[in-house]
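Asker: Could you have a look at this structure, given as structure tokens, before my questions?
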Amino acid sequence: MSLEYNLPNEGPNVDPDSTADTLCRLAQKGDHTQLLRRITFDNCGAQRLSDGLTPLICAANATRRPTESHSICAELILQKAENPEARNNLANARDLSGQSCLHHAAASDNVQVLEAALRAGAQVNALDKSGHSALYMAVQRVNRNAANLLLKAGADQSHGGGEGQSPAELLANQEAEVQKLREAFKGPESIHKFFNREERSAELLIPLLQSVMERQSTDVSSERLLKLVVDKINETKYILKRWLPNPITADFKEVSKRRRKSFASGNYCNMYTTEMEPPGLPVVVRVLKNVKNTEIFKQEKRGLEALKKTKHRNIVQFLSANVSEREFEIFLEKIEGKTMKQHLEVSGPLPESTIRRYFRQIASALCYLHNHPFGPIIHKDIRCENFMLTYGGFVKLIDFGFALLSGSMWPEEPLSGDPGHMAPELSGNRTYTPSSDIWATGCVLYDMSMGTDPSVKSAPDDADLDAIQLNLRSFRFLRKLPVPQIQPAEKFSQELLNLHQQCMETEPARRINAIGILLHPFLTNRQTMCKFWRRHCEQGRK
1 MSLEYNLPNE GPNVDPDSTA DTLCRLAQKG DHTQLLRRIT FDNCGAQRLS
51 DGLTPLICAA NATRRPTESH SICAELILQK AENPEARNNL ANARDLSGQS
101 CLHHAAASDN VQVLEAALRA GAQVNALDKS GHSALYMAVQ RVNRNAANLL
151 LKAGADQSHG GGEGQSPAEL LANQEAEVQK LREAFKGPES IHKFFNREER
201 SAELLIPLLQ SVMERQSTDV SSERLLKLVV DKINETKYIL KRWLPNPITA
251 DFKEVSKRRR KSFASGNYCN MYTTEMEPPG LPVVVRVLKN VKNTEIFKQE
301 KRGLEALKKT KHRNIVQFLS ANVSEREFEI FLEKIEGKTM KQHLEVSGPL
351 PESTIRRYFR QIASALCYLH NHPFGPIIHK DIRCENFMLT YGGFVKLIDF
401 GFALLSGSMW PEEPLSGDPG HMAPELSGNR TYTPSSDIWA TGCVLYDMSM
451 GTDPSVKSAP DDADLDAIQL NLRSFRFLRK LPVPQIQPAE KFSQELLNLH
501 QQCMETEPAR RINAIGILLH PFLTNRQTMC KFWRRHCEQG RK
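Here it is, written out as structure tokens:
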């Protein structure tokens, strides 16, 4: 749609010292207010001597993501022309490489400037000095919106690729390469083969690669996709090499049960350190308190079956188990560190950079569980008490006592987990789904941001929190609790607030999934992450 402006007459309000360089800079920034003040009939087509760029070309070639401001700049420049012929000349002006504003707009996917230039008479099939058309520039950069607009305007697919491929051939090859990558990433086993099955980081990469493939479509070039995957693999190997302990692979046996020393206790289990053969192995034993309690025994056994199938760097490592009518013992790796809750009680709210580092690992573990090759694994007890922070700064998910391999709970079975982290849909429907874990994960994000449990601030004034904690059979109060909000909002980035909001959607169908969390902008800020890991690893070498 063409924009009309009441342009000022030439006179004292117009800066007579406007230069091509100034106009180009303003147009490239999208500063239409200053551009309107400075532009005249005489200088609207001025070219910079250094590169031949005009203000219109600079409006098309936005330095940042194209915005409506750039299209307004383009309209202002074109309206300054005295007649249609002058506008046509502006639209077809070339820089020193022979590219018009159409080439630049196609390369930056600036659709609105493309429309303005085409209305002004820009030649849709014009070639630059390399023989490339605007359509070729759009297809090469996978700018589908710009390519579709140029095709509607009559762009020729059969030529415009210089001495190389035509736009049509380039597009066909991109589609073929993307399809090959799809075939290569059919499942976890093919991912292992594709990226060296012996690498010990493979199990950590599975959910990441799966999530990349979920997002990947024909709108993403195979070159970009492959670079993303390779970068993530190299980054992960770099981290693993310096910070993560080797998994326990050696055969071992307990010296004597009499050597066990209690160091932690839960509702249903006790935790012990013990002496192992060979000596020095970091192993702990989780022992069920009351084996004769049939319901608890079944529940723990189901959780054990889920834990046995996991192998992920952000999940506690299962080693072995002794299960019989008289005993229920699970041998696990010993994690040196403290729980997330203990950390928050000492430190209070965490800095956003720390939240990003921890939450990315939480999302990786959750994505692995919910997209497990044997079917989704639902943890059912996601909370800060069940995340261990190692002294190396890594997060591990523990306590699979309530976990489900897949499916639903029986209606008569009581709900389990922390009431303060329960999804609202569980108040009327006792069916656990991966979405229930996502809600609890959003509560963990709240905990890290605010330094306190959301139920403490969200419960009604007349709520008896002790009674809530004890009565796990009645969860009607969940519907009455307001959705916890991270406050004050101005202290947090929009990415963090948006991720929390998507985790805390009251309707499960609208709630973000684990893959979506892993790919959310809050966690995919590569510049921030790489800067942190570089500093973190340098400190580790000292």
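Sequential numbering from 1 applies to the sequence shown in UniProt numbering. Heads up, the beta-carbon is just placed ideally off N, CA and C, and yes, glycines get one too.
Out of curiosity, what's the CA-to-CA distance linking residue 487 and residue 83?
Answerer: Going from the Cα of residue 487 to the Cα of residue 83 covers about 56 Å.
Asker: Which runs of the alpha helix (DSSP H) at least 4 residues long sit entirely within the segment 38-70? Give them in chain order.
Answerer: Listed in chain order, the complete alpha helix (DSSP H) runs (minimum 4 residues) inside the segment 38-70 are 55-60.
Asker: Evaluate residue 259 with the Cβ neighbour count: other Cβ atoms within 10 Å of its Cβ, from every protein chain shown; 16 or more gives buried, anything less gives exposed.
Answerer: So residue 259 counts as exposed.
Asker: Which residue or residues does DSSP assign as beta-bridge partners of residue 520?
Answerer: Answer is none; residue 520 lacks a bridge partner.
Asker: Residue range of the alpha helix (DSSP H) that residue 151 falls in?
Answerer: That run of the alpha helix (DSSP H) goes 144-152.
Asker: Would you be able to state if there are at least three C-beta pairs under 8 Å between the segment 493-511 and the segment 423-442?
Answerer: In short, these stretches touch, since the Cβ pair count reaches three.
Asker: To the nearest angstrom, how far is the alpha carbon of residue 335 from that of residue 286?
Answerer: Roughly 13 Å separates the two Cα atoms.
Asker: By how many angstroms is the C-alpha of residue 445 removed from the C-alpha of residue 451?
Answerer: Going by the C-alpha atoms only, they are around 10 Å apart.
Asker: Of the choices 501, 50 and 125, whose alpha-carbon is the least far from that of residue 149?
Answerer: Among 501, 50 and 125, the Cα nearest to that of residue 149 is on 125.
Asker: Measure how close the beta-carbons of residue 112 and residue 92 come, nearest whole angstrom, since I'm counting them as under 8 Å.
Answerer: About 18 Å separates the two Cβ atoms, so there is no contact after all.
Asker: Could you tell me which of 375, 373 and 366 sits nearest to residue 381, measuring between CA atoms?
Answerer: For residue 381, the nearest C-alpha among the options comes from 366.
Asker: Hey, how far is the Cα of residue 342 from the Cα of residue 358?
Answerer: Near 15 Å, if we compare the C-alpha coordinates of residue 358 and residue 342.
Asker: How big is the Cα-Cα spacing for residue 102 and residue 420?
Answerer: Computed Cα separation, rounded: 56 Å.
Asker: Taking C-beta to C-beta, are residue 402 and residue 303 nearer than 9 Å?
Answerer: Result yes, Cβ atoms of residue 402 and residue 303 sit closer than 9 Å.
Asker: According to the neighbour-count rule (16 or more other Cβ atoms, all chains shown, within 10 Å of its Cβ), is residue 41 buried or exposed?
Answerer: By the 10 Å Cβ count, residue 41 comes out exposed.
Asker: Do you know offhand how far residue 133's Cα is from residue 151's?
Answerer: Cα-Cα distance, rounded: 12 Å.
Asker: So, for residue 293: in the same chain, excluding its five sequence neighbours on each side, which residues have a beta-carbon less than 6 Å away from its beta-carbon?
Answerer: No residues qualify anywhere along the chain.
Asker: Using C-beta distances below 7 Å, list every residue in its chain close to residue 453, excluding the 5 sequence neighbours before and after it, in chain order.
Answerer: Excluding positions up to five away in sequence, the list reads 420 and 447.
Asker: Residues in its own chain within less than 7 Å of residue 284 by CB, not counting five upstream and five downstream?
Answerer: Around residue 284: 271, 272, 273, 332 and 334.
Asker: Give the secondary structure of residue 461 by DSSP, where H, G and I count as helix, E and B as strand, and everything else as coil.
Answerer: Note on residue 461: pLDDT 48, under 50, position unreliable in the model; the coordinate value appears next. In this structure, residue 461 counts as coil in the three-state DSSP scheme.
Asker: Which class does residue 214 belong to by DSSP, given the choice of helix, strand or coil?
Answerer: Any answer about residue 214 is weak, because its pLDDT of 46 lies below 50 and its placement is not dependable; what the coordinates show is given next. If DSSP states are grouped into helix, strand and coil, residue 214 belongs with the helices.
Asker: Under a three-way DSSP split, which group does residue 446 fall into?
Answerer: Looking at residue 446 - three-state DSSP - the assignment turns out to be helix.
Asker: Quick one: give me the first and last residue of the alpha helix (DSSP H) that residue 364 is part of.
Answerer: It spans 352-370 - the alpha helix (DSSP H) in which residue 364 sits, taken as one unbroken run.
Asker: Taking the C-alpha atoms as reference points, what is the distance between residue 37 and residue 98?
Answerer: Each residue's alpha carbon lies about 29 Å from the other.
Asker: Going by DSSP in three states, residue 272 sits in which element: helix, strand or coil?
Answerer: It is a strand residue.
Asker: Suppose the cutoff is 6 Å on Cβ atoms and the five residues either side in sequence are ignored; what does the same chain contact list for residue 350 look like?
Answerer: Only 448 meet the Cβ criterion.
Asker: What does DSSP give as the partner residue(s) for residue 378 in the beta ladder?
Answerer: Looking at the DSSP assignment, residue 378 forms a beta bridge with 404.
Asker: Let me make sure I understand the geometry here. Which of 385, 405, 314 and 127 has the alpha-carbon closest to that of residue 305?
Answerer: The shortest Cα separation from residue 305 among 385, 405, 314 and 127 belongs to 405.
Asker: Checking 9 Å against the spacing of the C-beta atoms, do residue 254 and residue 291 come in under that value?
Answerer: Contact: no.
Asker: Are there 16 or more other CB atoms within 10 angstroms of the CB of residue 433, so buried, or fewer, so exposed?
Answerer: By the neighbour-count rule (16 or more Cβ atoms within 10 Å), residue 433 is buried.
Asker: Which of helix, strand or coil does DSSP assign to residue 340?
Answerer: Residue 340 falls in the helix class under three-state DSSP.
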